[in-house]
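*Asks:* Quick mapping for you: the protein sequence lines, in order, are chains A and B. Here the first sequence is numbered in my numbering, starting from 186 and rising by one per residue. Here the second sequence is numbered in my numbering, starting from 186 and rising by one per residue. Where is the CB? At the ideal position from N, CA and C, for every residue including glycine. Please read all numbers here as calculations on a predicted model, not as lab measurements.
Number of protein chains: 2
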Amino acid sequence: MDTAARYRLLVTKLREFARLEEALKLLEWDQATHMPPGAQHDRAEQMSVVTGMLHSLRTNPSFLDLLDELAARIKELDPPAAVDVRETKWRADRLRRVPAELQAARARTQALARAAWLEAREQNNFETLRPHLYEVVRLEQEYAHRLTDDGNPYQALLEDYEPGIPLTVIDQLFQELRKPLIQLAQSLKELSRRRRKHQSVLRGHFPTNAQRSFCRFVAERLGFDFHHGRIDESAHPFSISIGRDHRVTTRYEQTDLRVGLYSTLHELGHALYEQGLDPEAHGLPRGTACSLGVHESQSRLWENFIGRSEGFWRFLLPHAGRLLPSLKGAPLEAVLVDVNEAAPSPIRTEADELTYNLHILLRYDLERKLISQELRVEELPEAWRVGMEQLLGITPASDREGVLQDIHWPSGAFGYFPTYTLGNVFAAQIMEAAERQIGPLSPQIERGSFRALREWLTTQIHRRGQEERSIELIRQVTGEKPSSRALLDHLHHRFRWWVDHGGF
Amino acid sequence: MDTAARYRLLVTKLREFARLEEALKLLEWDQATHMPPGAQHDRAEQMSVVTGMLHSLRTNPSFLDLLDELAARIKELDPPAAVDVRETKWRADRLRRVPAELQAARARTQALARAAWLEAREQNNFETLRPHLYEVVRLEQEYAHRLTDDGNPYQALLEDYEPGIPLTVIDQLFQELRKPLIQLAQSLKELSRRRRKHQSVLRGHFPTNAQRSFCRFVAERLGFDFHHGRIDESAHPFSISIGRDHRVTTRYEQTDLRVGLYSTLHELGHALYEQGLDPEAHGLPRGTACSLGVHESQSRLWENFIGRSEGFWRFLLPHAGRLLPSLKGAPLEAVLVDVNEAAPSPIRTEADELTYNLHILLRYDLERKLISQELRVEELPEAWRVGMEQLLGITPASDREGVLQDIHWPSGAFGYFPTYTLGNVFAAQIMEAAERQIGPLSPQIERGSFRALREWLTTQIHRRGQEERSIELIRQVTGEKPSSRALLDHLHHRFRWWVDHGGF
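1. Can you pull the chain A neighbours of Pro222/B, defined as C-beta to C-beta under 8 Å?
2. Report, in whole angstroms, the separation of the C-beta atoms of Leu658/B and Cys475/B, which I expect to be a contact under 8 Å.
3. If you follow the beta strand (DSSP E) that Glu653/A is in, where does it begin and where does it stop?
4. Hey, does Gln288/A have any beta-carbon neighbour from chain B nearer than 8 Å?
5. Counting only Cβ pairs nearer than 7 Å, list the residues of chain A close to Ala208/B.
6. Check Glu418/B in the structure and name its three-state DSSP category.
7. Beta strand (DSSP E) containing Val433/A: first to last residue?
8. Would you report the Cα separation of Leu262/A and Arg271/A, rounded to the nearest angstrom?
9. According to DSSP, simplified to helix, strand and coil, what is Arg299/B?
10. Check the C-beta distance from Ala203/A over to Gly468/A and give it rounded, since I have them as a contact under 8 Å.
11. What does Arg415/B touch in chain A if you count any residue whose Cβ is under 9 Å from its own?
12. Excluding the 5 residues flanking Leu607/A on each side, which residues of the same chain have their C-beta closer than 6 Å to its C-beta?
13. How about Val524/B and Arg493/B: are their beta carbons less than 8 Å apart?
14. Listing by chain order, which chain B residues have their CB less than 8 Å from the CB of Glu665/A?
15. Shorter than 8 Å from the beta carbon of Glu201/A to some beta carbon of chain B?
16. Between the beta-carbon of Thr604/B and the beta-carbon of Pro470/B, is there less than 8 Å?
17. Determine the chain B residues that contact Met238/A at a beta-carbon separation under 8 Å, and present them in chain order.
18. Where does Arg306/B sit, in a helix, a strand or coil, going by DSSP?
19. Should the segment 449-467 of chain A be called in touch with the segment 252-262 of chain A, which here means at least 3 C-beta pairs below 8 Å?
20. When DSSP labels each residue in this structure, what does Arg639/B get in the three-state scheme?
21. Under 8 Å, Cβ to Cβ, is there at least one residue of chain B near Gly428/A?
22. Let me check understanding here. Comparing Cα to Cα, which of Pro566/B, Ala528/B and Leu251/B lies closest to Gln368/B?
23. Tell me, please, whether the CB atom of Asp463/B is closer than 8 Å to any CB atom in chain A?
24. Only counting the same chain, and skipping five residues up and downstream in sequence, which positions put a Cβ closer than 8 Å to that of Arg656/B?
25. Give me the chain B residues within the contact set of Asp215/A, using Cβ-Cβ distance strictly less than 8 Å, ordered along the chain.
26. Would you kindly report the start and end of the unbroken beta strand (DSSP E) that includes Ser424/B?
27. Quick check: Leu486/A and Ala612/A, are their CB atoms within less than 8 Å of each other?
28. Which residue comes first and which comes last in the alpha helix (DSSP H) that contains Ser448/A?
29. Report, in whole angstroms, the separation of the C-beta atoms of Tyr346/A and Tyr601/A, which I expect to be a contact under 8 Å.
30. Between the Cα of Gly587/A and those of Arg570/A, Leu546/A, Leu577/A and Glu574/A, spot the shortest distance and give me the residue it belongs to.
31. According to DSSP, what are the bridge partners of Glu438/A?
32. If we count the other Cβ atoms within 10 Å of its Cβ and call it buried at 16 or more, is Ser448/B buried or exposed?
33. From the DSSP output, read off the bridge partner residues of Arg388/A.
34. Whose C-beta lies closer than 6 Å to the C-beta of Glu304/A among residues of the same chain, with five residues either side of it excluded?
35. Using the C-alpha atoms, what's the distance from Val321/B back to Arg429/A?
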């Protein structure tokens, strides 16, 4: 078989794997949205079996031989094909270090831990989760040690989400951010003592059905394609692509419009990335998102940089008044103060964009220690409380508002949290680049036109798939290496605006 | 490896296959209930890949060797294990005649044909479906010829749904039914000329949300377990079990309560069968329903024998009046006339239980000819019209009300339709046996107590899985071989009641 024929065979195989993985994703989506509660055990078994099969396929000796042969002849391939071989080989080399049984055990344990987490959160009882989380951590340690011979196990986990990023880059970004963010959080806390009474307009009563229509309207205007997607509800919002079938979930609170709107905007950002991938490259690395950090940059960009901007609300407010009658006539400035409200608070997903990264810092500190065994699972609730006090100056009222708030650890996602802050960092850099290249975006956004930005993002980032690793992609798009400068500039700017305009 | 160890390995394998099949079922359920329209192509690919994998697993040489070794030593196994080996071997022997590529092509072609069918029905245009249906029929002919060397290809297809039933049994039952049913349909037509004006109480306006609550109430009272199940909506109602996760779909019409209620009752009957299977035997033949005919007997039993009975409505009517205010104070007799309304009509799923079997006779005649190539796909619409005239004395107004009404043929389900009438035949025999053994059921049902009947069905039928083939199971449960006598008695009785009580 010549190299071209071998590559075509690789494509066929990868697309077959992708279809099976899509079945797995539907099992996940359904578990979070529609599955009856008594089916948890069966679902865990289903996911474990499909995950095990995927692992077998991806580590099948004849597939690995094919891949090794292609990798040895990579110079004979054109650049897009070379990307597919390079990235597939990199992942395969990691995978072949991990036995199928360990993969199946991880999937099964994590599915059960997710169920336990739902219950623990409901009961506000860490003990319900503890034994499950203990097993999850133990399996992730084993998994990490399989991936790396003598390197840092945490680095190995991180690269499941952010291939090729050195832990030193993450450490440096967090180092740059830590002090300024703690200072900003302290200022917020001091300011809050002398805060003026602000009449919130986005708190109140917003019926869920009206919020659904409102968020659907926003999604349509942003360019989300409902012919190839849908919006549902789940306890923890997420977005998932089952082929060219992009599904977003959100969570509405009747008493606060911001929860549903900004969850939706965030997840739409992810979905727009997936919609922008090259459909001709389905199932291949060059038709797959670059990394979680880049993914998060897209969600943060729409959620924070666009969704909390003055231009966006100049466009949206009249429509909001139409779909949510209690917002009729609401003053723009009051809305902007509401959506940029910043204060240390216990819940990450509801945190403002300023304190958000401190929540990530906490998790980053704790999960590195969990993996390196400097911290035990049973010490987690207390370590959480201490960390919250140090970073944000507050103590959560309960574990439900503390260590039980996130699904990530029960899902075995260690090394995932840092990609959130990476996303914020990248988003700030990308927005600066976009305005440099397209020109000021605010006037277009005020008119409800998001096309220029969306198409620029598609060309610059989405369509390129895994052509480059994230650090290089960001360098090419923005002209600089990952740096917290743009994010800190943005946050100081927003914070100042907010203090000046009635936040206090 | 000794025989016991081999059997344990078989169990492990079968359960693995079952989990993958459950993933496939979720893909199907989602396709009919929630999938965005643009995802049809992707879904067809997903289902094709998973179906192909299932086929590979089930025809894997080492699995077949294991099975052959167990089959050779079947006398060493205890009776339940022997059932698992016998039934698995029977299916495997059929499967190994069919190449994986043909299975994958069937799955892909059928998924696309189902999408085309939705469109064709929407447009009332058979031409949209024709080329897809042509491909489906061609593949089913090929499939049937693979299954049987010199036997009847249609018999081979039939046994996918009703293992072990001789075509002569079906032929004889239809022979017994044909003339009396055509006569009954003619009587109905003549009577309809002098029909009194009947004031229908179940036609009117019933808001969908209220119908949802009503059907949920009915499901709960019948004993459907919402902890392990749910009810959704789809164009063509169905029930499907994704492990111990039993999902029913129904279809509401705001202008006619009967559509939603009887679709729900029908599908609940299927779901109660699945709920009654032995959970300890998950994934094994003895934990799997016996046949489609027996399955249909359960749906028909709840839909027709219970759901249209006087006792049932004595229980239900007060609750109906509470949940659907327009039914408050409705006279019982008027409701009973409505739910037993009988008249030749073009749509099978809306047909009364009397003319229903004539719809099946038509399909049976046509699909046998399609498979034996006595009839071509393009001749189908005209043959349908002629057959409807001969059997039911009516001509459908359009193909939407004719040949386009069912999803079965686009789904490749040839040999499936006869199991509906088999279900009616079995249901009548089973109901007679139930009343002989439990005593009269009407008094319990009037009190809204369905437990005695449900538990009897569970013990007699559900828990026994595939212990026996359907003919033998029916003989053991009812003491007689399959016979249309009980069904004809029941239909004559209902018909006479209905004529006497204001149907005309």
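*Replies:* Per the coordinate set shown:
1. The contact set of Pro222/B on chain A, defined by CB atoms closer than 8 Å, consists of His412 in chain order.
2. 6 Å
3. No beta strand (DSSP E) contains Glu653/A, which DSSP labels as neither H nor E.
4. no
5. Ala208, Leu212, Gln231 and Val235
6. strand
7. His431 to Thr435
8. 11 Å
9. helix
10. The C-beta distance from Ala203/A to Gly468/A rounds to 3 Å, short enough to fall under 8 Å.
11. His219, Met220 and Pro221
12. Within the same chain, Cβ atoms closer than 6 Å to the Cβ of Leu607/A are found at Gly478, the five residues on either side in sequence being excluded.
13. yes
14. Within 8 Å Cβ-Cβ: nothing; Glu665/A doesn't reach chain B, min ~38 Å.
15. yes
16. no
17. Leu205 and Met238
18. helix
19. no
20. helix
21. yes
22. Ala528/B
23. no
24. Here residue 656/B is Ile; the residue named in the question, Arg, does not match the sequence. Around Ile656/B: Gly349, Ile350, Val354, Lys666 and Pro667.
25. Contact annotation for Asp215/A against chain B: Leu211 and Asp215 [CB-CB distance below 8 Å, chain order].
26. Note, Ser424/B: beta strand (DSSP E), Ser424 to Ser426.
27. Cβ distance < 8 Å, so Leu486/A and Ala612/A count as in contact.
28. Leu442 to Gly461
29. 5 Å
30. Arg570/A
31. Asp441/A
32. With 16 or more Cβ atoms within 10 Å of its Cβ, Ser448/B is classed as buried.
33. Asp441/A
34. These residues qualify, in order along the chain: Thr313.
35. 25 Å
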